[in-house]
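Going by this note's numbering, the first residue of the sequence shown is number 50, and it counts up by one from there.
Quick reminder that beta carbons are idealized off the backbone N, C-alpha and C, glycines included.
Nothing here was measured: the structure is a model prediction, and the numbers come from that model.
Here's the structure, in structure tokens; my notes come after.
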Amino acid sequence: LLAHELGHIGARNTDVGEFIANTRHTPALRNAIGKAALMTVPAGLAAAFIPGDGDIDESIALSALIAAPEILDEVNATRHGLGIMKDAGMRADVGQRARMAGGILSYMALPIALGGVANATANLVDEDLKSPGEIQPI
50 LLAHELGHIG ARNTDVGEFI ANTRHTPALR NAIGKAALMT VPAGLAAAFI PGDGDIDESI
110 ALSALIAAPE ILDEVNATRH GLGIMKDAGM RADVGQRARM AGGILSYMAL PIALGGVANA
170 TANLVDEDLK SPGEIQPI
């Protein structure tokens, strides 16, 4: 946990890490309500315009795209944290790596949930695909 937090500091000392951290901490992306609205609108529109119900992956991808700065910042901090542990001669074991991966995945929970809800809601109004042998009701 300490190595991960030190990884945030180490990551900010690189050009890419500084860009990711600055993008993550912009006021527009820090506002949780605005972020939730931003993630659901494109995901819902994509699901409404794509016929059929097999478009959940597009909705989740669009939701995750909005949360990308936060997720990338955490991945970068974990990567730097693992490097700090390795340089200190305390290489992370499998359990420690799994806990760090679980921490990163926790940041994906909100985009996955909001993308799924937006998809399910939008699929209520989109056109269902018809099979070639289906009899149309009158």
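Going by DSSP in three states, residue i sits in which element: helix, strand or coil?
{"i": "Gly103", "result": "coil"}
{"i": "Thr170", "result": "helix"}
{"i": "Met149", "result": "helix"}
{"i": "Met134", "result": "helix"}
{"i": "Leu50", "result": "coil"}
{"i": "Arg128", "result": "helix"}
{"i": "Asp122", "result": "helix"}
{"i": "Arg73", "result": "helix"}
{"i": "Asp175", "result": "coil"}
{"i": "Asp142", "result": "coil"}
Could you tell me which of the options sits nearest to residue i, measuring between CA atoms?
{"i": "Arg128", "options": "Val174, Ser112, Val90, Gly152", "result": "Gly152"}
{"i": "Ile120", "options": "Ala70, Glu107, Asp102", "result": "Ala70"}
{"i": "Ala8", "options": "Thr170, Asn125, Ile99, Leu154", "result": "Residue numbering for the chain in the displayed model covers 50 to 187; residue 8 lies beyond these limits and cannot be assessed."}
{"i": "Ile161", "options": "Met149, Arg148, Lys135, Ala117", "result": "Ala117"}
{"i": "Gly59", "options": "Gly165, Ala150, Arg148, Gly132", "result": "Gly132"}
{"i": "Leu50", "options": "Ala77, Gly138, Phe98, Arg148", "result": "Arg148"}
Which value, in whole angstroms, describes the spacing of the CA atoms of residue i and residue j?
{"i": "Asp214", "j": "Ile109", "result": "A question about residue 214 goes unanswered here, because the residues of the chain that appear run from 50 up to 187."}
{"i": "Gly93", "j": "Thr75", "result": "24 angstroms"}
{"i": "Gly144", "j": "Thr170", "result": "38 angstroms"}
{"i": "Gly138", "j": "Ser155", "result": "28 angstroms"}
{"i": "Asn165", "j": "Met134", "result": "Checking the displayed sequence, the identity of residue 165 turns out to be Gly instead of Asn. Approximately 37 angstroms, taken between the alpha carbons."}
{"i": "Leu159", "j": "Asn80", "result": "14 angstroms"}
{"i": "Phe68", "j": "Gly103", "result": "35 angstroms"}
Below 7 angstroms between beta carbons: does that hold for residue i and residue j?
{"i": "Leu111", "j": "Ala95", "result": "yes"}
{"i": "Ile105", "j": "Asn62", "result": "no"}
{"i": "Pro91", "j": "Asp175", "result": "no"}
{"i": "Leu173", "j": "Thr89", "result": "no"}
{"i": "Gly194", "j": "Gly66", "result": "Here the chain has residues from 50 to 187 only, and residue 194 is not among them."}
{"i": "Arg73", "j": "Asp122", "result": "yes"}
Within 6 angstroms: the Cβ of residue i and any heavy atom of the ligand GTP?
{"i": "Val65", "result": "The ligand GTP is absent from the structure shown, which contains no ligands of any kind."}
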